[in-house]
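In the UniProt record's numbering, the protein residues as written are 1 to 255.
The C-beta atom is built at its ideal place from N, Cα and C for all residues, glycine as well.
In structure tokens, the structure reads:
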């Protein structure tokens, strides 16, 4: 299965290295064009309409975000999947994760590259989409702990939710179900641990191997029968022994 790709990066050495890595770990990916700055990147996307774009954040005349922002205001629809290439910038990485976008850290690891390509192939019919891009740009403009929305992607499509409306998350193997105020549950193929790390600064706490809750929707903490919580949606959730002390500390802080 051939995948046409565009490589946008201002470093010719990195572009050469990426092409070499791709030839080794993902020969089905063909770099049809390269660009080194915002304007040439936009022109290449419009000309080649690649299935996949590898996009560096820092470019000579701006950023990769400027490339994407152009398409939020253009009549030309972005039909490509986008994978960001970035140095280890914790803030940017967190924004990618909230927006459900793929990224690679420099120096690019061959195993990470192969993993991203496999994800791209599984969702080849799904472009990154303006909704993903707009959420990313919104998140990038915010402070790290003030993200307001999260993108959840599954076989039904892309779902954007206010973080404040998430009541709880429940895991089953490598899947997580989100229970959201005034919405039906949403199942995504990502682990609860990923969302625990992503949401811990937003009032969420892990109370059990299978449960992550939003303290805003905690109604009662019951100590009998081993300990459990009652949530605003009337669910009773168990508390593991190892998480009881942490939960009590957080409840005390909110009083």
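Buried or exposed by the 16-neighbour rule on C-beta atoms within 10 Å, applied to residue i
| i | result |
| --- | --- |
| residue 50 | buried |
| residue 170 | buried |
| residue 72 | exposed |
| residue 1 | exposed |
| residue 81 | buried |
| residue 6 | buried |
| residue 24 | exposed |
| residue 214 | buried |
| residue 64 | buried |
| residue 205 | buried |
| residue 226 | exposed |
| residue 20 | exposed |
| residue 42 | buried |
| residue 87 | exposed |
| residue 259 | Shown here, the chain extends from 1 to 255; a query on residue 259 therefore has no answer. |
| residue 15 | buried |
Identified DSSP bridge partners for residue i
| i | result |
| --- | --- |
| residue 214 | 204 |
| residue 149 | 162 |
| residue 63 | 58 |
| residue 157 | 154 |
| residue 317 | Look at the range of the chain in this structure, 1 to 255, and you will see that residue 317 is not part of it. |
| residue 177 | 170 and 187 |
| residue 53 | 6 and 82 |
| residue 133 | Beta-bridge pairing links residue 133 to no other residue. |
| residue 222 | 228 |
Unbroken beta strand (DSSP E) run spanning residue i, endpoints
| i | result |
| --- | --- |
| residue 33 | 29-35 |
| residue 4 | 3-8 |
| residue 81 | 81-86 |
| residue 264 | Residue 264 lies beyond the residue range present for the chain, which begins at 1 and ends at 255; the question has no answer from this structure. |
Beta-carbon spacing of residue i, residue j below 8 Å
| i | j | result |
| --- | --- | --- |
| residue 55 | residue 120 | no |
| residue 104 | residue 93 | no |
| residue 8 | residue 83 | no |
| residue 161 | residue 98 | no |
| residue 154 | residue 187 | yes |
| residue 202 | residue 239 | no |
| residue 257 | residue 152 | Only positions 1 to 255 of the chain appear in this structure, which leaves residue 257 out of reach. |
| residue 246 | residue 211 | no |
| residue 59 | residue 102 | no |
| residue 28 | residue 3 | yes |
| residue 166 | residue 180 | yes |
| residue 195 | residue 177 | no |
| residue 78 | residue 133 | yes |
| residue 136 | residue 149 | no |
| residue 163 | residue 199 | yes |
| residue 218 | residue 228 | no |
| residue 118 | residue 76 | no |
| residue 26 | residue 113 | yes |
Unbroken alpha helix (DSSP H) run spanning residue i, endpoints
| i | result |
| --- | --- |
| residue 73 | Residue 73 -> no alpha helix (DSSP H), and no H or E assigned at all. |
| residue 113 | 110-122 |
| residue 14 | 12-25 |
| residue 199 | 192-199 |
| residue 39 | 38-48 |
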